[in-house]
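J.: Just so you know, the sequences run in chain order A and B.
Yeah, the first sequence ends on 109 if you go by my numbering, and it's all consecutive.
Yeah, the second sequence ends on 109 if you go by my numbering, and it's all consecutive.
Got a structure here, written out as structure tokens. Questions coming.
2 protein chains.
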Amino acid sequence: MIPVATIQGEPCCAPLAESPLGADDAETLARSLKALADPARLRILSLVAASADGEICVCELPAPLGLTQPTVSHHLKVLTDAGFLAREKRGTWAWFRLVPGALDAVTRPLAEPVEAVPA
Amino acid sequence: MIPVATIQGEPCCAPLAESPLGADDAETLARSLKALADPARLRILSLVAASADGEICVCELPAPLGLTQPTVSHHLKVLTDAGFLAREKRGTWAWFRLVPGALDAVTRPLAEPVEAVPA
DNA sequence: GTTAAACATCGATGAATGTCAATATTTATA
DNA sequence: TATAAATATTGACATTCATCGATGTTTAAC
């Protein structure tokens, strides 16, 4: 699994409508979106984002997701390699939190131009 | 290929941080993101969005993308079924334009909460 | 040091996906 | 109606990917 390059909060490219997306930028953006385009991974992000302390223990995830521990571990790796989650190990437990700005960096290029307001 | 349900501009779900994403909403959101998570499809969206008249002819796409006509047609179908593009046939040609609000409906649930500003 | 618990990695497998060549379909024109 | 052009569909193939069981690794407690 090749980690995605991730400079926090820096979008890979300009908004789609501004100029035609180049091949490399398209590849980069698609790679990030692929990391998000899975139900289990979206739910993991949501569980982390909605958690009281902004972080969640791996041990809390398999049950609500209905997935085995190895599968959850795999999804966490994908999200971490893509730069959306940060891992901290405390004792035997591993805790994950959102990397600030990482989600916004992906959605920014997808933002539509503001509509012209009729007079 | 099963078309994605699409009521324009209506996001499938609340922001991720607001409440844990349910299984069905996660499936819906993931399906939309999967439609976007491909370099060729992102470039198609960008070519349409950046075009002067807001629409583009299928015939203009294979060359800049370096893909065959059937492959381009396949990607256009994926984007149309997912509700991101609208197709209009004029004569022998087919024209595509963005469905307003469709992209925003996908990115809205991914928006991060605003940071608390320190005093 | 042994044991137990939490997590990561490995290997396998079935399903989904991107791509193309070949073919079908639709529309305009002669 | 016959021909040509643009697009869609079909079928095939190679690749990617989500998932799991089995196993390895790390840490704490005894």
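C-beta atoms are modelled at their ideal positions from N, C-alpha and C, and glycine is treated no differently.
Would a check of beta-carbon distances place residue 33 of chain B closer than 7 Å to chain A?
T.: So yes, residue 33 of chain B belongs to the interface.
J.: Can you give me the C-alpha to C-alpha distance between residue 9 of chain A and residue 38 of chain B, rounded to a whole angstrom?
T.: Spanning the two alpha carbons is a distance of roughly 10 Å.
J.: List, in chain order, every chain A residue whose beta-carbon is nearer than 9 Å to that of residue 28 of chain B.
T.: Here the neighbours are 16, 20, 23, 24.
J.: By the criterion of Cβ-Cβ separation under 9 Å, what are the contact partners of residue 42 of chain A in chain B?
T.: Within 9 Å Cβ-Cβ: nothing; residue 42 of chain A doesn't reach chain B, min ~11 Å.
J.: Excluding the 5 residues flanking residue 57 of chain B on each side, which residues of the same chain have their C-beta closer than 7 Å to its C-beta?
T.: Correct list, in chain order: 30.
J.: DSSP beta-bridge partners for residue 46 of chain B?
T.: According to DSSP, residue 46 of chain B bridges with B:86.
J.: Quick one: what's residue 78 of chain A bridged to in DSSP?
T.: The partner list for residue 78 of chain A (beta bridge, DSSP) reads A:85.
J.: Tell me which residue opens and which closes the alpha helix (DSSP H) that residue 5 of chain A is part of.
T.: Unbroken run through residue 5 of chain A: none, as it is neither H nor E.
J.: Between the Cα of residue 70 of chain A and those of A:21, A:13, A:14, spot the shortest distance and give me the residue it belongs to.
T.: Residue 70 of chain A has its Cα closest to that of A:21, out of A:21, A:13, A:14.
J.: If you drop the 5 nearest sequence neighbours on each side, which residues of the same chain put their C-beta closer than 6 Å to that of residue 98 of chain B?
T.: Counting only Cβ-Cβ distances below 6 Å, and skipping sequence neighbours, we find 1.
J.: Give the residues from the region 61 to 83 of chain B that approach chain A closer than 7 Å (Cβ to any Cβ), ordered along the chain.
T.: Answer in chain order: no residues at all.
J.: Excluding five sequence neighbours on each side, which residues of the same chain lie with their C-beta closer than 8 Å to the C-beta of residue -6 of chain A?
T.: In this prediction, residue -6 of chain A has a pLDDT of 48, which is less than 50 and means its spatial position is unreliable; what the coordinates show is noted afterwards. Excluding positions up to five away in sequence, the list reads 18, 21, 22, 25, 71, 72, 73.
J.: By the three-class DSSP mapping on this structure, what secondary structure does residue 17 of chain B have?
T.: Three-state result, residue 17 of chain B: helix.
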